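K.L.:
Below is the structure I would like to discuss, written out as structure tokens.
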Amino acid sequence: MSITTESELTGMKKASEAVAFTLKEMRNYAQAGMTTKQLDDYGGQILNDLGAKSAPYLTYGFPGWTCISVNNEFCHGIPSDKRILNEGDLINIDVSAELDGFWSDNGGSFVIGTDVNQHQKLVQASKEILQKAISNIKGGVRISDIGFLMETEAKKRGYKVIKNLTGHGIGRSLHEAPHEIANYRDKFNLTRFKKNSVVAIETFIATTSTIAETLQDGWTMVGNKGGFMAQHEHTIVVTDGQPIILTAMNEIWN
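Per this note's numbering, the sequence shown starts with residue 1374, numbered consecutively.
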């Protein structure tokens, strides 16, 4: 969407704060020994208390309130009472929701407890790349140039990017134009970021894979060549200068 009134900005801020607060609280709550279903139920209750409705559930009938992906799962992981978190697991939580007609999206990867499996370097790379990408976004900048920046930064650190997962426009629904904000230079995408537009910018930084494939459950995605992936995501408003980061409250850069 494009922000045209103060009330629209207020609405987006409110929805964004709901998902950002939920993500932060879920990250603080997550620990070894709990199931991903317990973690999801905790997040679902927070959204409910804030009057927000889970976007994946509302839009797609997703079997959970949030997407929780662990280790080799890249994204869209289904919360399960059989999946127990262990010390050192790489976990990704993606929280998106609707509140009073406005939609917002954010996510982050982190390590459970002590980094016994050496995932923190990948997590840190993803955070830094998102920060650099967002700081370079303003009205008129080509979307493909930001993709090129993300892939270049990933390669510098010895990583790859997932080419079939992208950021997207958001606001009045979960996915809006621009539909594909890729992590690489898509030479066919001539679109530019527009001032006052709302977009969800996300990284998909991987160790060995470049394509995400869907498992038989119809939701969970893993890498075509295995390995691990870290994702971080903010919903932002594009301006003439530095973007307004609507989901800053999630503290994923801390």
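For each residue, glycine too, the CB sits at the ideal point set by N, CA and C.
Everything numeric in this text was worked out from a predicted model, so none of it was measured.
1) Quick one: residues in its chain with C-beta nearer than 7 Å to the C-beta of PHE1577, no 5 flanking neighbours on either side, listed in chain order?
2) Please tell me whether SER1477 and ALA1388 are closer than 7 Å, where the distance is taken between their beta carbons.
3) So, PHE1475 versus MET1385, is the Cβ gap smaller than 7 Å?
4) Would you give the residue range spanned by the alpha helix (DSSP H) that VAL1572 belongs to?
5) Nearest by alpha-carbon distance to ASP1422: which of GLY1437, THR1395, THR1487 is it?
6) Can you name the residues that DSSP bridges to VAL1427?
7) For GLU1446, does the three-state DSSP call read helix, strand or coil?
8) Could you give the DSSP three-state label for GLU1390: helix, strand or coil?
9) Look at ASN1459 and ALA1405 and say whether their C-beta atoms are less than 7 Å apart.
10) Considering only the alpha carbon of each residue, which of ASP1467, SER1442, PRO1452, THR1383 lies closest to VAL1595?
11) Please go through the same chain and pick out, in chain order, the residues whose beta-carbon is closer than 8 Å to the beta-carbon of LYS1426, but skip the five residues on each side of it.
12) Out of GLY1520, GLY1512, ASP1488, SER1582, point me to the one whose CA is closest to VAL1611's CA.
13) My understanding is that VAL1484 touches LEU1463, with C-beta atoms under 8 Å, so please give their C-beta distance in whole angstroms.
14) By DSSP, does MET1523 sit in helix, in strand, or in coil?
15) Which residue from LEU1547, ILE1376, GLN1589 puts its Cα closest to that of TRP1433?
16) Spell out a yes or no on whether the stretch 1488-1504 and the stretch 1557-1576 are touching, meaning 3 or more CB-CB pairs, one atom from each, closer than 8 Å.
17) Check each candidate in LYS1560, ILE1543, PHE1566 and name the one with the smallest Cα separation from GLU1606.
18) Do SER1508 and ASN1562 count as a contact pair if the criterion is CB distance below 7 Å?
19) Within 10 angstroms of the Cβ of TYR1532, are there 16 or more other Cβ atoms? Answer buried if so, exposed if not.
20) Could you give the distance in angstroms between the alpha-carbon of ASN1580 and the alpha-carbon of LYS1598?
21) I'd like to confirm the pairing. Which residues does DSSP put opposite ASP1478 in its beta bridges?
22) Closest by CA to SER1582, which one among GLN1615, ALA1527, THR1620, PHE1566?
23) Determine the direct distance from the alpha carbon of TRP1626 to that of MET1399, and round the result to whole angstroms.
P.N.:
Inspection of the coordinates gives the following:
1) VAL1534, ILE1535, LEU1538, ASN1556, MET1602, GLN1604
2) Contact: yes.
3) yes
4) Per DSSP, VAL1572 belongs to no alpha helix (DSSP H); it is in the beta strand (DSSP E), 1571-1575.
5) THR1395
6) The amino acid at residue 1427 is misidentified as Val; the sequence shows Ser. Its beta-bridge partners are ALA1470.
7) strand
8) Three-state result, GLU1390: helix.
9) yes
10) SER1442
11) LEU1420, ALA1470, GLU1471, LEU1472
12) GLY1512
13) Going by Cβ atoms, the distance from VAL1484 to LEU1463 rounds to 6 Å, so yes, they are a contact pair.
14) helix
15) According to the sequence provided, residue 1433 is Tyr. The question's Trp does not apply to it. Checking every option, the nearest Cα to that of TYR1433 belongs to LEU1547.
16) Touching, yes, given that three or more Cβ pairs across the two stretches are closer than 8 Å.
17) ILE1543
18) no
19) buried
20) As written in the sequence, residue 1580 is Thr, which differs from the Asn given in the question. If you draw a straight line from the Cα of THR1580 to the Cα of LYS1598, it is about 9 Å long.
21) By DSSP's assignment, ASP1478 forms a beta bridge with SER1469.
22) ALA1527
23) 15 Å
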